[in-house]
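Trainee: First the structure, then my questions, so here it is.
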Amino acid sequence: MDRILNLVGWTAAQDLSDARLLEPAAGDGAFLDAAAERLVNSLANHGHEPRIKNLRDRILAFELVPEEAAKARRRVATRLIALGIHQATARACANAWVKTGDFLLADRMHKGFSHVVGNPPYIRWSKIPSPLRSAYTRRLPKTVSRGDLCLPFLDRSFELLAPQGKCGFICSDRWRYAGYGEAFRRKWLPLMDIETEGAGRPKDVFHRDVYVYPDILLASRRRQPTSNGRRRRKRGQRLTELGCTIRVGPALGVAEAFLLNPEDSEVEAELLHPWIDTCDISAARIQPSSRRVIAPYHADGTLINLEEFPALAARLGLFKQRLENRYIVRQGAPWYRTIDRIRASDWSPPKLLIPELAKVPLVSLDRSGAIPSHGIYCIFSPERDINEIYDRLSNGKLARALSPISPKVKGSYTRCYGRFLSAMAI
């Protein structure tokens, strides 16, 4: 594990405060254990406090078997506590980092991981259980739904890797020469630098004997080719044609109940996330905000049990009558939930922020992972460099693109609503 992490550069000597590590098949957390220790030590070495906001979005892992996923969470939490991290923060990180689910079938995966590491499973396609094989056949590209299971793991991991990001896998080497890997090789070899391969069987990797000869694969994704230093761009495209998605910030309902100002008393740290409102965006820049939003949800999107969070219960109790009068509560929703579900992972990727009403429409680039207010539209670009989309909208280009289709309202404000953002050509 240490060798792979060293090869991809996930070390305490590197500043990992903006890095993102993906582990597609976590098992009982062997890689995560080592990665977590290196992350905490890196933050300490580079002057970053090991708080939940600096830790939560740095690692993401998947494990299909619930029992193994639970082991991985316990292992990571134990490691973090041993490193001096508060118990609540350690548990919150473990829950956020390890998802129980199938990496190959996971929805809404955002690109841009700087590091991908692990030991993806090697199973011949014919040996995959029939229901799962049928699901893979329906969902996965035909070019990788054959041969063995390692191939789609490599394919999706490469897709999610950021330009110049590094992938380090202990995996079968059959993809390099088997006939079923031909389309995969044609797709990826021109886009990747294979820095290490055929390194022989790693020692002390497996807890039991395996029948596949493994390879240490170290690969980095190249930057997209440019012409004369600049990428050629086709203009007049809609955001959806560029692979972008548009979302509006979550609605809270009785916002003051869920928003904390700096002088407000604290609630449990794992429930607090950075917040951006329209007033924090001006002249295409985001002004740092010290406000935080309460998200009463677990990482999997389920509502928390309020009895387990006494500080939050005390705060929301001050607003209980107003919260109970909301329509969603009268329809049967728990009184302490927000109108829209809030998960930090939904807002953590780099995104463009556009206030829905503006004298002059403007766009800002946010890399902080903050959660936006309901008055802000967000553009995510999982298929392209977010900087390219920003370049197409910044310096007045957003206003020019909206002017033919977005009506003015009282006070000559422009409506930058989602339907107009979807319709404009940039």
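Per the numbering used here, the sequence shown starts with residue 1, numbered consecutively.
Even glycine gets a Cβ: it sits at the ideal position worked out from N, Cα and C.
In this text, all values refer to a predicted model and were calculated from it rather than measured experimentally.
#1: Is it true that the CB of G249 sits closer than 8 Å to the CB of C378?
#2: Span of the alpha helix (DSSP H) holding T137?
#3: For S46, count the other beta carbons within 10 Å of its own beta carbon; 16 or more makes it buried, fewer makes it exposed. Which is it?
#4: Ordered along the chain, which non-local residues of its own chain (more than five positions away) have a Cβ less than 6 Å from that of A313?
#5: Indicate whether the contact test is met: 3 or more Cβ pairs, each with one atom in the stretch 160-168 and one in the stretch 5-12, closer than 8 Å.
#6: On a Cα-Cα basis, can you pick out the residue from A61, K111, S373, E63 that is closest to I386?
#7: Identify, in the order they occur along the chain, each residue of the same chain with its Cβ nearer than 7 Å to the Cβ of Y413, setting aside the five sequence neighbours on each side.
#8: Does D102 come out as helix, strand or coil in the three-state DSSP assignment?
#9: For E63, write down the residues that DSSP places opposite it in a beta bridge.
#10: For I405, count neighbouring C-beta atoms within 10 Å of its own C-beta (all shown protein chains included) and say buried if the count is 16 or more, exposed if not.
#11: Rank F31, R79, A96 by C-alpha distance to the C-alpha of R58 and give the top, closest one.
#12: Assuming I281 contacts L353 (C-beta within less than 8 Å), just tell me the rounded distance between them.
#13: Out of D277, A25, G27, which has the shortest C-alpha to C-alpha gap to E256?
#14: Given 8 Å as the limit, is there contact between the stretch 293-301 and the stretch 71-84, that is, 3 or more CB pairs closer than that?
#15: Answer yes or no: do R292 and W275 have a C-beta to C-beta separation smaller than 8 Å?
#16: Quick check on the burial criterion: 16 or more other C-beta atoms within 10 angstroms. Buried or exposed for G411?
#17: Tell me the DSSP secondary structure of R341 in three-state form.
#18: How many Å lie between S289 and E383 at the Cα?
#19: Cα-Cα, which of A92, E68, R20, V65 is closest to A77?
#20: Go to G418, then tell me how far its alpha helix (DSSP H) extends in each direction, as first and last residue.
#21: Counting only runs of 3+ residues fully inside the stretch 349-411, write out the beta strand (DSSP E) ranges in chain order.
#22: Where does A219 sit, in a helix, a strand or coil, going by DSSP?
#23: When we look at the beta-carbon of A13 and count the other beta-carbons within 10 Å, is it buried (16 or more) or exposed?
#24: Give the DSSP-derived three-state secondary structure of G181 in the structure shown.
#25: Keeping to the same chain, check which residues put their C-beta closer than 8 Å to that of N54; ignore five residues upstream and five downstream.
#26: Pull up the CB-CB distance for W125 and F158, whole angstroms please, since I reckon it's below 8 Å.
#27: If I'm right that I376 touches K397 with Cβ under 8 Å, what's the distance once you round it to whole angstroms?
#28: In chain order, what residues of the same chain lie with their CB nearer than 6 Å to the CB of K99, ignoring the 5 residues before and after it?
#29: Verify whether the separation of the beta carbon atoms of G118 and E37 is less than 8 Å.
#30: Name, in chain order, the residues that DSSP records as bridge partners for G168.
#31: Alpha carbon to alpha carbon, how far is A34 from F380?
Mentor: In this structure, then:
#1: Yes, the Cβ-Cβ distance between C378 and G249 is below 8 Å.
#2: Judged by DSSP secondary structure, T137 falls within the alpha helix (DSSP H) whose first and last residues are 130-139.
#3: Note that residue 46 is His in the sequence shown here, rather than Ser. Exposed is the label assigned to H46, since fewer than 16 other Cβ atoms lie within 10 Å of its Cβ.
#4: Excluding residues within five positions, the ones whose Cβ falls inside 6 Å are L306.
#5: The stretch 160-168 makes contact with the stretch 5-12; the number of CB pairs closer than 8 Å reaches 3 or more.
#6: Nearest Cα to I386 within the set A61, K111, S373, E63: K111.
#7: Here the set comprises L357, A358, K359.
#8: Secondary structure at D102: coil, using DSSP grouped into helix, strand and coil.
#9: In the DSSP assignment, E63 forms a beta bridge with T100.
#10: The Cβ neighbour count for I405, taken over all protein chains shown within 10 Å, is under 16; the residue is labelled exposed.
#11: Comparing Cα-Cα distances from R58 to each of F31, R79, A96, the minimum goes to A96.
#12: Contact between I281 and L353 holds, with the beta-carbon distance rounding to 6 Å and staying under 8 Å.
#13: Distances from the CA of E256 to each of D277, A25, G27 were compared; the closest alpha carbon is that of D277.
#14: Touching, no, given that fewer than three Cβ pairs across the two stretches are closer than 8 Å.
#15: If you check the CB distance, R292 and W275 come in under 8 Å.
#16: Exposed is the call here.
#17: In the structure shown, R341 falls within a coil segment according to DSSP collapsed to helix, strand and coil.
#18: Going from the Cα of S289 to the Cα of E383 covers about 29 Å.
#19: When only C-alpha atoms are compared, the closest one is A92.
#20: It spans 418-423 - the alpha helix (DSSP H) in which G418 sits, taken as one unbroken run.
#21: Segments of the beta strand (DSSP E) lying fully in the stretch 349-411: 351-355, 364-366, 376-380.
#22: Residue state, collapsed to three classes: strand.
#23: It is exposed - the Cβ of A13 has fewer than 16 other Cβ atoms within 10 Å.
#24: Helix, per DSSP.
#25: Contacts found: S17, L43, H48.
#26: A Cβ-Cβ separation of about 19 Å leaves W125 out of contact with F158 under the 8 Å criterion.
#27: Not confirmed; about 19 Å, so no contact.
#28: Excluding positions up to five away in sequence, the list reads F62.
#29: Taking the C-beta atoms as reference points, E37 is found no nearer than 8 Å to G118.
#30: Beta-bridge pairing links G168 to V117, L218.
#31: Their backbone Cα atoms lie some 31 Å apart in a straight line.
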